[in-house]
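Numbering (the numbering used here), first residue to last: 1346 to 1974.
Cβ coordinates follow ideal geometry from the N, Cα and C atoms, glycine included.
Since this is a predicted model, take the numbers as computed values, not measurements.
Data first, discussion second: the structure below is written as structure tokens.
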């Protein structure tokens, strides 16, 4: 038996490992299973290139709990190690077995899927164990070795009688970490980190029901058998070629990824690139509707089928973090714990590639089946609109397929919209005015008035619409967006013709004074306008700029920079001087009656805009009944 001291630069690395190496103790299991997978894939690679005559077969990695002895075992049937290799790879922390292996076989090992963190990853075992044993037998014809270390820099190593090839790691779990002796906890971790590892992982057995023999009676119970409980799928959909997968395979994999998600995804995008970086994966568009908040942290990042994190910020552009799915890349640089991304040129390239692939897929869908694309629009528009706002390259691509629905449920691209409205909706300054509504019911009367004039009205109701139209106005020439309730219909698209007012200038001045006595100046700016006599007498509008800034502020950005943190609700009150009722108010002699007419008219206008609430609404209803009597 040999004893020695681990060759580390710090006198005692173990307290450091326990404290700093990994923020999360649970990932020790991921690291040890990654190493076992490495060892198995190395053997597969050596047999495939004829380096060894050993049969590879169908090796398993087995995880076993021995509660009585407080031990956790991780057993593989991989390449194994000689005593000399244990000395080298386990005791000299500075070396990484995988690095040397890859160097030796660099040309042939490129695609062998070796994870390549053997070395430091193994030491994560000491975060949960007071003592660790390695019993290992190499694929080479040499005796097995038994290494034992109790969490101090000293270890022992001696021969062992293990006869099967591979490595068994035995963790003597410490008092503080006995949760890792619970079956449910280990099962949870295996499913979380190792669900798609490329080598089958066995954790206990399960009972399987067999078909009844033909001569069995109906009351006879079906026969059963004990089988290995394999917790992972070693060949997940993203590792296959898109040509080998049908729609049903993609949907099945989605259910595997999100077992608690009962709604089918709308469509998927298969990522597969090997130059200038390696990346595979499948992204799914779920039904998003109007919600921007609940979707994040749904894309899972893997490295050679080992789960790393579901925080993909930086790798996936922000607007696509609302999607779901898997990204797997050995080229995403991670620190020793594989848990954090480092700022890296590859990551930026990967992000651009994903953006381009999503843009291409959407573009193809639009061209190949516009009708289907229109049906999906309301469920995917949030992602596309957000992308147009945040990524200029995506904006250029999306500008061709982004849709603008009208209140009549037709869908137009921006180009089609321009063509359709340019004759009727260009104002006297040669600006194209795009009218839109955000709520068909609330803005019904305004929409009707605009449509009566032959105007096209869009229905733009996503939460980021105010940001999007700001972007469109700055990136396109001579165009402005105006919500239908921003002004009276005659003023939405300013033309040269003017309507003559029935009231003289003197009467208008007198009316303004009367209105000022009843209408609160801190809430309403009164505008006297000469309009068609059948247009409403009082109309409340909210200036486009003010309202838009407020909306932008609510969805982040925009308003804040204008210092509009607590903007008061300000409205315009448009008074139609050509309406019969306004003439009547102007001609009324008694102050009380005049005040009553103004108040009632204002409240009706407020009611139409959903601004009359609480006590004021109760008073209005009571007063209206009185007037009917």
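Measuring straight from C-alpha to C-alpha, what distance separates residue 1958 and residue 1883?
18 Å
Residue 1555, buried or exposed, once every other Cβ within 10 Å from all chains shown has been counted against 16:
exposed
In whole angstroms, give me the CA-to-CA distance for residue 1557 and residue 1708.
53 Å
Are the Cβ atoms of residue 1922 and residue 1873 separated by less than 8 Å?
yes
Determine, using beta carbons only, whether residue 1648 and residue 1677 come nearer to each other than 8 Å.
yes
So what's residue 1510 in DSSP terms, helix, strand or just coil?
coil
Ordered along the chain, which non-local residues of its own chain (more than five positions away) have a Cβ less than 6 Å from that of residue 1893?
1811
Residue 1503 versus 1726, 1377 and 1346, residue with shortest Cα-Cα distance
1346
Is any heavy atom in the ligand FAD found nearer than 7 Å to the beta carbon of residue 1506?
This structure simply doesn't include the ligand FAD, nor any ligand for that matter.
Where residue 1959 sits in the DSSP three-state scheme
helix
Where residue 1372 and residue 1808 are concerned, what is the direct C-alpha to C-alpha distance, given to the nearest angstrom?
39 Å
Inside the segment 1766-1845 only - beta strand (DSSP E) runs reaching at least 3 residues
1777-1782, 1802-1804 and 1824-1828
DSSP puts residue 1749 in a beta bridge; with which residues?
1757
Pull up the CB-CB distance for residue 1751 and residue 1832, whole angstroms please, since I reckon it's below 8 Å.
Not confirmed; about 20 Å, so no contact.
Please return the same chain residues whose Cβ sits closer than 6 Å to the Cβ of residue 1391, not counting the five positions on each side in sequence.
1397
Which same chain residues end up closer than 7 Å to residue 1904 when comparing Cβ atoms and leaving out the 5 residues on each side of it in sequence?
Model confidence at residue 1904 stands at a pLDDT of 42, short of 50, so the residue's coordinates are unreliable; what they give is reported in the following sentence. Cβ neighbours of residue 1904 beyond the five flanking positions: 1894, 1895, 1897 and 1898.
Kindly give me the distance between the Cβ atoms of residue 1535 and residue 1546, rounded to whole angstroms, as I take these residues to be in contact under 8 Å.
6 Å
Please classify residue 1567 as buried or exposed, where buried requires at least 16 other C-beta atoms within 10 Å of its C-beta.
exposed
Based on Cα-Cα distance, which residue from 1380, 1544 and 1917 lies nearest to residue 2044?
Since the first residue of the chain shown is 1346 and the last is 1974, residue 2044 is not available in this structure.
Going by DSSP, name the residue or residues bridged to residue 1490.
1481 and 1504
Bridge-paired residues (DSSP) for residue 1496:
DSSP, once it has assigned bridges, lists no residue as partnering residue 1496.
If the criterion is Cβ atoms closer than 8 Å, does the pair residue 1746 and residue 1758 meet it?
yes
Can you tell me where the alpha helix (DSSP H) with residue 1927 in it begins and where it stops?
1925-1932
Taking the Cβ atom as the reference point for each residue, do residue 1516 and residue 1633 lie within a distance shorter than 8 Å?
no
Once you ignore the five residues that flank residue 1843 on each side, which residues in its own chain have a CB closer than 8 Å to its CB?
1875
Length of the line joining the Cα atoms of residue 1888 and residue 1829:
11 Å
Is the distance from the Cβ of residue 1420 to the Cβ of residue 1407 below 8 Å?
yes
Inter-stretch contact (C-beta, 8 Å, three-pair minimum) for the segment 1508-1515 and the segment 1472-1479:
yes
How big is the Cα-Cα spacing for residue 1827 and residue 1592?
43 Å
Length of the line joining the Cα atoms of residue 1953 and residue 1764:
33 Å
Residue from 1489, 1498 and 1494 with nearest C-alpha to residue 1505:
1489
On the DSSP bridge list, what partners appear for residue 1418?
1409 and 1515
Limits of the unbroken beta strand (DSSP E) element including residue 1848:
From DSSP, residue 1848 is part of no beta strand (DSSP E); its letter is neither H nor E.
Taking the alpha-carbon positions, what's the residue 1834 to residue 1624 distance?
54 Å
Note down, in chain order, each residue of its chain lying with its Cβ closer than 7 Å to the Cβ of residue 1423, except the 5 sequence neighbours on either side.
1381, 1384, 1385, 1387, 1388, 1404, 1511 and 1512
Roughly how far, in whole angstroms, is the beta-carbon of residue 1629 from the beta-carbon of residue 1610, given that I think they are within contact range, below 8 Å?
4 Å
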